[in-house]
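Here's the structure, in structure tokens; my notes come after.
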């Protein structure tokens, strides 16, 4: 199994935990509504998705009040489908902000190591949990997700515009085919 998408849902990234209090997250996230399947519409390039050419999706399942099962997959250049399974949790124990999550794709026995957890912050939701903008506080990683494979280009552009106001470099976004 190849290690892909430390995000895309749920992505995110091994060892990306730099904090930046200037990054605004979505208020009043309902994790129950956030669960389910998401399709990647765009992302900033990253090393763990370099072989993904399309059909990037993530499935989230709430396994407890604060734990999420994460399954990411994508179509790779060679025609195979890469799958990565991980776990999500609140970024800080006792944290009230449900928009600040962390994800790990490393084996469970390594979960005590802080660097195996990557930030997964829900920056903005559009519609009734139909679109999500997810990023990291260091602004190196960013994803636009939707519940449908074919997203409304206007909503995707609105999320790009919002990300730019938050300091993300959207000029390098990779659009889903």
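In my numbering, the protein residues as written are -12 to 164. C-beta: ideal position from N, C-alpha, C; glycine also.
Nearest Cα to residue 48 within the set 68, 39, 58, 12: 58.
Distance from the CA atom of residue 131 to the CA atom of residue 13, rounded to whole angstroms, is 14 angstroms. In this structure, residue 157 sits away from residue 16, with a CB-CB distance that is not shorter than 8 angstroms. In the three-state reduction of the DSSP assignment, residue 45 falls in the strand class. CA-CA distance, residue 104 to residue 124, rounds to 14 angstroms. Pairing residue 71 with residue 63 gives a Cβ-Cβ distance that is not under 8 angstroms.
Proximity of the region 29 to 39 to the region 143 to 158 meets the contact definition, three or more beta-carbon pairs being nearer than 8 angstroms. Distance from the CA of residue 75 to the CA of residue 116, rounded to the nearest whole angstrom, comes to 18 angstroms.
For the set 38, 120, 129, 102, the Cα lying nearest the Cα of residue 67 is the one of 38. The C-alpha of residue 92 is placed about 11 angstroms away from the C-alpha of residue 35. Residue burial is scored here from C-beta neighbours: residue 87 has at least 16 other C-beta atoms within 10 angstroms and is therefore classed as buried.
For residue 146, the secondary structure class from DSSP, reduced to helix, strand or coil, is helix. If one requires a minimum length of 3 residues, the beta strand (DSSP E) runs lying completely within the region 68 to 121 are 68 to 77, 87 to 91, 105 to 113, in chain order. For residue 77, same chain residues with a beta-carbon under 6 angstroms away, outside a window of 5 residues either side, are 53 in chain order. A straight-line Cα-Cα distance of about 22 angstroms links residue 149 and residue 45. Distance from the CA atom of residue 129 to the CA atom of residue 50, rounded to whole angstroms, is 25 angstroms.
Under the DSSP definition of a beta bridge, residue 162 partners with 29. For residue 145, same chain residues with a beta-carbon under 8 angstroms away, outside a window of 5 residues either side, are 113 in chain order.
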